[in-house]
Amino acid sequence: MGTTTSGHDASAEDGAARGSAADDGGDTRVPAVAARALTKTYGTGDSEVRALDEVSVDFAAGAFTAIMGPSGSGKSTLMHCLAGLDTPTSGGVRIGRTDLARLGDRQLTLLRRDRIGFVFQAFNLLPMLTAEQNILLPAQIAKRPLDRARFDRVVEVTGLGDRLGHLPAKLSGGQQQRVAVARALLGAPEVVYADEPTGNLDSRSGAEVLGFLADSARELGQTVVMVTHDPVAASYADRVVFLRDGRVADETRAPTPETVLDHLLKLEG
1 MGTTTSGHDA SAEDGAARGS AADDGGDTRV PAVAARALTK TYGTGDSEVR
51 ALDEVSVDFA AGAFTAIMGP SGSGKSTLMH CLAGLDTPTS GGVRIGRTDL
101 ARLGDRQLTL LRRDRIGFVF QAFNLLPMLT AEQNILLPAQ IAKRPLDRAR
151 FDRVVEVTGL GDRLGHLPAK LSGGQQQRVA VARALLGAPE VVYADEPTGN
201 LDSRSGAEVL GFLADSAREL GQTVVMVTHD PVAASYADRV VFLRDGRVAD
251 ETRAPTPETV LDHLLKLEG
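Residue numbers (the UniProt record's numbering): 1 to 269.
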């Protein structure tokens with residue numbers, strides 16, 4: 001992952017980077033994202049830190065999955081490797097049928113642009129642009145034609161219809177994060193990665209954003225993978241994967257705040 005390619009290979013790899021779920025021939029058994037024996041180490045010898053240790057996990061298409069674990073368990077490292085933002089020491093990641101290790105830097109950039117959406121704790125909105133302009137900006141940079149029906153549907157799901165003309169300074173924190181979610185959803189990415197998306201929000205605004213992420217999975221068929229430390233946030237997901245010491249330690253489906261907290265207490269005990 002992260003190697004450069006010659007011009008002769010670029011065209012073929014561009015096709016791989018831009019591949020989509022359609023490449024799977026309609027086989028719904030192919031995970032949206034899959035990690036196999038994923039290992040990430042930092043340092044060497046006595047100072048080596050194993051952030052991920054042989055992690056193998058699948059993320060089903062159209063599902064909302066949360067990743068949790070104690071501090072230092074490898075949550076963010078796993079997400080960064082799954083998104084092609086970091087290179088594993090060994091093991092591999094596939095998005096659909098695309099092996100990230102076979103892509104060069106340019107092809108990884110295209111993949112992140114065309115097939116992945118990101119929602120971070122910081123809203124990352126441009127203050128001089130309206131909500132609508134912020135939502136449309138990535139598509140305009142990529143020179144993709146606007147799918148008006150998709151735009152209208154995303155705006156409906158995120159409840160931003162009466163806020164599109166507002167600058168970020170005129171929006172609440174929850175509304176700003178909803179703009180960020182809409183921006184991530186507009187391009188119909190195969191997967192949206194959300195890293196502590198409610199970390200800067202109060203409980204009411206956080207609930208709004210989490211509800212919209214859940215709705216995007218239910219109503220738009222969007223695959224969502226979220227890192228969080230909050231049992232309430234995780235309870236919005238269809239499934240929670242728990243990490244401990246860089247390994248998958250447990251998982252639960254149809255979570256509630258109580259069951260998530262119980263799993264966390266067992267991991268930390």
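For glycine and all other residues, C-beta sits at the position ideal for the given N, C-alpha and C.
Being a predicted model, the structure only gives us computed values, none of them experimental.
Of the residues A139, V55, F64 and D195, the one whose Cα lies closest to the Cα of A214 is F64. Along the segment 87–152, the beta strand (DSSP E) occurs as fully enclosed runs of 3 or more residues at 90–95 and 116–119, listed in sequence order. Secondary structure at E48: coil, using DSSP grouped into helix, strand and coil.
The closest CA to that of P168, considering only S90, A61, N124 and P31, is found on N124. Around the CB of L265, fewer than 16 other CB atoms lie within 10 Å, so the residue is classed as exposed. When the Cα atoms are used, T158 and A142 turn out to be separated by approximately 23 Å. In the DSSP annotation of this structure, D245 is not part of any alpha helix (DSSP H), being labelled neither H nor E.
In this chain, the beta strand (DSSP E) harbouring V33 covers V33 to Y42. R204 and G104 have their alpha carbons spaced roughly 42 Å apart. Sorting L108, A61 and V119 by C-alpha distance to the C-alpha of G221 places A61 at the top. For the pair of segments examined, the segment 63–82 was found to touch the segment 242–260: the number of CB pairs separated by less than 8 Å reaches three. With the rule of 3 Cβ pairs closer than 8 Å, the segment 79–87 counts as touching the segment 98–117. Counted as a single uninterrupted DSSP element, the beta strand (DSSP E) harbouring V224 occupies residues T223 to V227. Contact between the segment 129–137 and the segment 190–210 is absent: fewer than 3 CB-CB pairs across the two stretches fall below 8 Å.
With three or more CB-CB distances shorter than 8 Å, the segment 221–238 counts as touching the segment 187–195. A distance below 7 Å separates the beta carbons of A37 and S56. V49 is classed as exposed because its beta carbon has fewer than 16 other beta carbons within 10 Å across all chains shown. Counting only the Cα atoms, V227 lies some 16 Å from Q177. With respect to P231, V119 sits apart: the two C-beta atoms are not nearer than 7 Å. A distance of 7 Å or more separates the beta carbons of V179 and A66. In this structure, the beta-carbon distance from V155 to L186 does not fall below 7 Å. The three-state secondary structure of E54, taken from DSSP, is strand.
Within the DSSP secondary-structure output, Y193 pairs in a beta bridge with F118 and V225.
Taking G117 as the centre and dropping the five residues before and after it, the same chain places the C-beta of A184, L185, G187, P189 and V192 closer than 7 Å to its C-beta, in chain order. In this structure, DSSP gives A237 a state outside helix and strand, which the three-state scheme calls coil.
For the options D202, N200, G199 and A194, the alpha carbon positioned closest to that of A217 is the one of A194. In the three-state scheme derived from DSSP, where H, G and I count as helix and E and B as strand, A214 is classed as helix.
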